[in-house]
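Residue numbers (the numbering used here): 1298 to 1516.
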């Protein structure tokens, strides 16, 4: 059988693991070697041990969005911090790595499809303010805008004064403050702050409550 026939046996639009590949290629004399050849030819990409995605044709988008792999590379996890803030249109930067939150230990993985960085949080914080997103090749968990920003603020030590919050958001994090004030859901931020118990997140909650009250007519 030709190499392209072997490729046709494998999923074309979603990640797959080693066991599935061996099952699909079981009619070949040496399925493991056949998978290795597909990886050498670029028809299949080995993301990390046991995890594969179909390769992309020249000039075309990858069939699997790298964000889909975030929870497969290391989990449980969800996309947050800078990657989520960019996706929600709150910061202008195009990030060079996919930033995630995990309930396990901090990790970083350099893969053929990009770098994945995982920052740890307590389990009581982990499940608040995340949603399931559908995209090319599958789905992944994404932090809501409020959660993504609170996750980032929780990493800043020594931030506890409400008066310093706007400067931190605008100058240090380059966040669109007007969008935050006009769109963030205060009850969700309060829930996140109560779970985090970090001075920086609590200060952000107080600051947001004050700013939203100021922007409300007749307040």
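Heads up, the beta-carbon is just placed ideally off N, CA and C, and yes, glycines get one too. Computed from a prediction, not measured in an experiment: that's the story for all the values here.
So, do the stretch 1426-1435 and the stretch 1308-1322 have three or more beta carbon pairs nearer to each other than 8 Å?
The stretch 1426-1435 vs the stretch 1308-1322: in contact.
Less than 8 Å between the C-beta atoms of residue 1492 and residue 1422, yes or no?
yes
Indicate whether residue 1470 and residue 1449 have their beta-carbon atoms separated by less than 8 Å.
yes
Sheet register partners of residue 1413 (DSSP bridge):
1395 and 1406
Taking Cβ to Cβ, would you say residue 1398 is nearer than 8 Å to residue 1374?
yes
C-alpha gap between residue 1499 and residue 1458, whole angstroms
9 Å
If you follow the alpha helix (DSSP H) that residue 1479 is part of, which residue opens it and which one closes it?
1474-1480
What separation, rounded to the nearest whole angstrom, lies between the Cα atoms of residue 1354 and residue 1343?
16 Å
At what residue ranges does the stretch 1303-1381 contain a whole run of the alpha helix (DSSP H), taking only runs of 4 or more?
Taking only runs of at least 4 residues, the alpha helix (DSSP H) segments lying wholly in the stretch 1303-1381 are 1315-1321, 1328-1337 and 1367-1370.
Please list the terminal residues of the continuous alpha helix (DSSP H) segment that includes residue 1497.
1496-1512
Note down the Cα distance separating residue 1426 from residue 1335, rounded to an integer number of angstroms.
40 Å
Just to confirm my understanding: we take residue 1389, look at its own chain, exclude 5 residues before and 5 after, and list those with CB closer than 7 Å. What are they?
1471
Counting only the same chain and skipping the five closest in sequence on each side, list residues whose C-beta sits under 7 Å from that of residue 1461.
none
Look at residue 1367 and residue 1325 and say whether their C-beta atoms are less than 8 Å apart.
no
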